[in-house]
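Undergrad: When the letters of the sequence shown are read in order and numbered with numbering that gives the first Met the number 0, they come out as residues 0 to 154. Can you read through this structure? Questions will come right after.
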Amino acid sequence: MHRDHHCLAGHPHQTHPKTPARRTHHPALGNSRQRNPVHAEASPAPAPVFYQGELRILPWGNRQRHSNAPLAWWCEVATLESGAWSMYHPEPVEILANFGLERGVWFQIREGIQGAIIHDQHEQPCIYMLLQPASHYYQVMTGYHREPVFLGEQI
Numbered sequence: 000m001h002r003d004h005h006c007l008a009g010h011p012h013q014t015h016p017k018t019p020a021r022r023t024h025h026p027a028l029g030n031s032r033q034r035n036p037v038h039a040e041a042s043p044a045p046a047p048v049f050y051q052g053e054l055r056i057l058p059w060g061n062r063q064r065h066s067n068a069p070l071a072w073w074c075e076v077a078t079l080e081s082g083a084w085s086m087y088h089p090e091p092v093e094i095l096a097n098f099g100l101e102r103g104v105w106f107q108i109r110e111g112i113q114g115a116i117i118h119d120q121h122e123q124p125c126i127y128m129l130l131q132p133a134s135h136y137y138q139v140m141t142g143y144h145r146e147p148v149f150l151g152e153q154i
């Protein structure tokens with residue numbers, strides 16, 4: 000996504016009740032057992048994700064060319080659907096987020112963002128935010144032509 004896109008971790012004094020497990024599905028990634036999000040931060044710093052039934056803190060993509068993973072921290076859904084990343088064996092991951100920032104505009108993220116996880120040649124996992132063409136509202140609101148794949152909502 001645009002370099003100014005960020006998500007903000009929830010306020011440290013907020014509490015969230017446990018939420019029931021649910022299924023999310025993206026055809027290019029397959030099924031994954033996931034929970035509703037708690038907090039998140041989508042930036043170059045590691046981010047909280049729900050992966051294989053566990054809450055984990057994982058790094059964003061390949062930003063320094065130290066691995067064979069794609070050099071990015073996001074991936075367009077169309078790229079996954081085309082099979083262009085099939086050699087990386089991407090798996091679904093839920094990126095836990097409450098708020099996002101795109102080109103100076105803050106917006107609420109109700110349930111999180113769909114992502115993909117890839118393991119590099121050293122079996123180290125890294126996450127990629129999935130992007131799709133922006134809705135008209137998102138494009139007018141942010142001036143950007145792509146948006147994250149939001150879980151359970153469309154902005």
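Ideal placement from N, C-alpha and C gives every residue a C-beta, glycine not left out.
Output the boundary residues of the beta strand (DSSP E) element that contains A44.
TA: Note, A44: premise wrong, no beta strand (DSSP E); not H, not E.
Undergrad: Per DSSP, which one or two residues make a beta bridge with L129?
TA: Looking at the DSSP assignment, L129 forms a beta bridge with C74.
Undergrad: Return the CA-CA distance between W73 and N61, expressed in angstroms with no decimal places.
TA: If you take the alpha carbons of W73 and N61, they lie about 10 Å apart.
Undergrad: Work out the CA separation of G99 and A8 for me, nearest whole Å.
TA: Low local confidence applies: a pLDDT of 40 at A8 is under 50, so the model's placement there is unreliable, and no value is given.
Undergrad: By the 10 Å Cβ neighbour count, where 16 or more other Cβ atoms means buried, how is W84 classified, buried or exposed?
TA: With 16 or more Cβ atoms within 10 Å of its Cβ, W84 is classed as buried.
Undergrad: What residues match up with G114 in a beta bridge as DSSP calls it?
TA: In the DSSP output, where bridge partners are listed per residue, G114 has V92 and M128.
Undergrad: Per DSSP, W105 is paired with what?
TA: Partner(s): L100.
Undergrad: Contact defined as beta carbons within less than 8 Å: I believe L150 pairs with E110. What is the distance between those atoms, to the nearest angstrom?
TA: 4 Å between Cβ atoms; contact.
Undergrad: Using only alpha-carbon positions, find the residue among A44, R64, P91 and R55 that is nearest to L129.
TA: That would be P91, whose Cα lies nearest to the Cα of L129.
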